[in-house]
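Residue numbers (our numbering): -7 to 283. Glycine is no exception: its CB is placed at the ideal position from the N, C-alpha and C atoms. Encoded as structure tokens, the structure appears first; notes follow it.
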């Protein structure tokens, strides 16, 4: 989780838009990899979706994870970040699953937990939300979603997983979007390829059902610059609909991958609003019911 955070701006919306974090969503029908559960306001889980409390918790995670550079070049700090994630998930009552792999002369590991509603004799439909392998604020968002949605009851035969990957791929957006989208950086974007256009529409509609935070959507051919330049593209290559939820990173955030990208930059209140919207989005995608 090589991560650095977003930036503050005069406008509260723009401050969060600059907080450089992304959560990637992929819907898988028969395989398992990575995902994130969500809770509805009508079915609270381990916590609540309270704005102030949620914003404080998000900041605590970001400060613990992103106070120092942590990647395979700084293994001690990377291990500390991983342990923070694992401790938080265990405190929420999850059983951890780990998958180690080589990264040059170092070792990294994927961390995942899940909630499910199995159907006997059937392979589960999986809702994958691959989150925050590139930045601390996204990791914090996934941790809080895991806490909030611990008791979510997805539709029968569905499994939702929260997965934390090590390291990242730099995100981007296609050129020319300024002709069709707002000129003020006060929104997050739901981005996918044409093959994922239905998922982009469905997720965006669920997010915008309540106007907690401005959002825009884009489904474009894979060859368009930026559409596949993030982690969701790995799912696309294997035939799974996938989308990226992003603030467009360095296109709106001047501190991307610099020493100035520190935990004091994000607008945590705005971040909490987006997490609440994502909770409802995944709740809709998972077809959750009250427990």
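Residue range of the alpha helix (DSSP H) that residue i falls in?
i           : result
residue 229 : 224 to 229
residue 74  : 67 to 83
residue 199 : 189 to 199
residue 158 : It is not in any alpha helix (DSSP H) - residue 158 carries neither H nor E in the DSSP assignment.
residue 259 : Careful: residue 259 lies outside any alpha helix (DSSP H) and carries neither H nor E.
residue 61  : Counting along the chain, residue 61 falls outside any alpha helix (DSSP H), and DSSP gives it neither H nor E.
residue 240 : Careful: residue 240 lies outside any alpha helix (DSSP H) and carries neither H nor E.
residue 138 : 128 to 140
With a threshold of 16 other CB atoms inside 10 Å of the CB of residue i, please say whether the residue is buried or exposed.
i           : result
residue 97  : exposed
residue 270 : buried
residue 257 : buried
residue 94  : exposed
residue 48  : exposed
residue 144 : buried
residue 251 : exposed
residue 268 : buried
residue 122 : Bear in mind that a pLDDT of 39 at residue 122, under 50, signals an unreliable position, so the number given afterwards is only what the model happens to contain. Under this definition residue 122 is a buried residue.
residue 230 : exposed
residue 236 : buried
residue 68  : exposed
residue 209 : buried
residue 79  : exposed
residue 244 : buried
residue 132 : buried
residue 212 : buried
residue 45  : exposed
residue 83  : exposed
residue 87  : exposed
residue 25  : At residue 25, the pLDDT of 25 sits below 50, so the modelled position is not reliable; the number obtained from the coordinates is stated separately. That one is buried.
residue 62  : buried
According to DSSP, which residues form a beta bridge with residue i?
i           : result
residue 106 : 153
residue 219 : The partner list for residue 219 (beta bridge, DSSP) is empty, contrary to what the question assumes.
residue 185 : 212
residue 94  : 99
residue 180 : 207
residue 89  : 104
Please check the pair residue i and residue j, which I expect to be a contact at CB under 8 Å, by giving their CB distance rounded to whole angstroms.
i           : j           : result
residue 247 : residue 239 : The pair is not a contact, with the Cβ atoms about 13 Å apart (cut-off 8 Å).
residue 241 : residue 50  : So it is not a contact: roughly 18 Å between Cβ atoms.
residue 219 : residue 154 : Contact flag wrong, Cβ pair sits at about 25 Å.
residue 150 : residue 108 : 7 Å
residue 192 : residue 179 : About 15 Å separates the two Cβ atoms, so there is no contact after all.
residue 64  : residue 100 : 6 Å
residue 277 : residue 198 : 7 Å
residue 128 : residue 255 : 7 Å
residue 156 : residue 134 : 7 Å
residue 56  : residue 76  : 5 Å
residue 185 : residue 214 : 5 Å
Can a CB atom of chain B be found closer than 8 Å to the CB of residue i?
i           : result
residue 101 : No chain B appears in this structure, which consists of one protein chain only.
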